[in-house]
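Q: Heads up: the sequence shown begins at 1 in this note's numbering, then just goes up one per residue.
One structure, pasted below without further comment.
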Amino acid sequence: MSRFVELELLTENVKKELKKLFNEDSTGHDLLHTLRVVKNAELLQKEHGGDAFIITLAALLHDADDKKLSPGTYKNKDNARRILCANDISEDDMERIISIINSVSFSDGKTAETIEAKIVQDADRLDALGAIGIARCFSFGGAHGRPIYNESDFIEGNIETSTSGIAHFYQKLLRLKDMMNTQYGRREAEKRTDFLEKYLTQFISEIKNEN
Ligand code: ADP
Ligand code: NI
């Protein structure tokens, strides 16, 4: 079987497993997030190269052992390993895939070394930006009982420590474009960040006029 046909079949198998894992998750790690990351990763791979087989599998499995979603398997990436084993992925490919998954997380501040890891990290970051990134941000906030914004957020110095959805823009989202690894990723991140900035301008003008 060619690696290309194999990858299509594998993708379908992995998707079935992910559906079970992500069932009703409200932390922003639904199957559709993963599928958008896979799509982003494929576009980035076309532009910048890297092993498409490894990139697609790492993108598919990048949140299967997310810290918030599955704290018990986070350290050893047991879900990803189980799914890869069940699909007869070689030991060598499995270690490459797991090492990419280990390097994509923002909160852990890991640096991506290989082109494959750089691509998957950029692909994941793009999904935190733009219209979809805004939706995910407030959906995460809602699931964690956090406010959309606080009146005190815009007082000098407060935005860094606030836990509101709007504060997350300043604490993480607006910073992502300068952390992108690839040229294509950076270009797309800039477009999506422009959209965040327009949204913030409108948001602030609306809350200033409220009374
Ligand atoms: P990922 O690596 O898939 O982006 P994260 O767990 O970092 O995963 O975040 C999932 C989604 O939730 C992202 O869109 C992110 O911007 C959003 N998010 C994470 N932390 C917060 C937070 N403290 N407030 C609001 N949104 C958040
Ligand atoms: Ni993700």
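Cβ coordinates follow ideal geometry from the N, Cα and C atoms, glycine included.
(1) Express the C-alpha separation of lysine 118 and lysine 20 in angstroms, rounding to a whole number.
(2) If I measure Cβ to Cβ from arginine 136 and keep anything under 8 Å in the same chain, skipping five residues before and after, which residues do I get?
(3) Is any heavy atom of the ligand ADP found at a distance shorter than 6 Å from the C-beta of arginine 192?
(4) Check whether the Cβ of glycine 142 sits closer than 6 Å to any heavy atom of the ligand ADP, and report yes or no.
(5) Leaving out five residues before and five after alanine 167 in sequence, what residues of the same chain have Cβ atoms less than 7 Å from its Cβ?
(6) If you run the structure through DSSP and keep just helix, strand and coil, what is valine 14?
(7) Are alanine 123 and valine 37 closer than 7 Å when you measure CB to CB?
(8) Taking glutamate 116 and glycine 50 to be in contact with their CB atoms under 8 Å, please state how far apart those CB atoms are, rounded to whole angstroms.
(9) Can you check which of these residues, Glu6, Phe203 and Leu176, is closest to aspartate 88 by C-alpha distance?
(10) Helix, strand or coil, according to DSSP, for lysine 20 in the structure here?
(11) Relative to the alpha-carbon of glutamine 183, which residue among Ile101, Lys172 and His48 has its alpha-carbon at the smallest distance?
A: Straight from the coordinates:
(1) For the purposes of this step, residue 20 is taken as the residue at position 20 of the sequence shown. For the purposes of this step, residue 118 is taken as the residue at position 118 of the sequence shown. Answer to the nearest angstrom: the Cα atoms are 28 Å apart.
(2) Start at 1 with the first residue of the sequence shown, and residue 136 comes out as number 136. The answer, listed in chain order, is Gly28, His33, Asp127 and Ala128.
(3) Along the sequence shown, one-based indexing puts residue 192 at 192. No, Cβ of arginine 192 sits at least 6 Å from all heavy atoms of the ligand ADP.
(4) Here residue 142 refers to the residue found at position 142 of the sequence shown. Not so, every heavy atom of the ligand ADP lies at least 6 Å from the Cβ.
(5) By one-based count along the sequence shown, residue 167 stands at place 167. Within the same chain, alanine 167 has close Cβ partners Asp153 and Ile159.
(6) Counting from one through the sequence shown, the residue named residue 14 turns up at place 14. Helix.
(7) If you number the sequence shown from 1, residue 123 lands on position 123. If you number the sequence shown from 1, residue 37 lands on position 37. Contact: yes.
(8) For the purposes of this step, residue 116 is identified with residue 116 of the sequence shown, where counting begins at 1. For the purposes of this step, residue 50 is identified with residue 50 of the sequence shown, where counting begins at 1. About 5 Å; that satisfies the 8 Å criterion.
(9) The sequence position of residue 88 within the sequence shown is 88, counting from 1. Answer by Cα proximity: Glu6.
(10) The residue you call residue 20 lines up with position 20 of the sequence shown. Three-state result, lysine 20: helix.
(11) Here residue 183 corresponds to residue number 183 of the sequence shown, with the count starting at 1. Comparing Cα-Cα distances from glutamine 183 to each of Ile101, Lys172 and His48, the minimum goes to His48.
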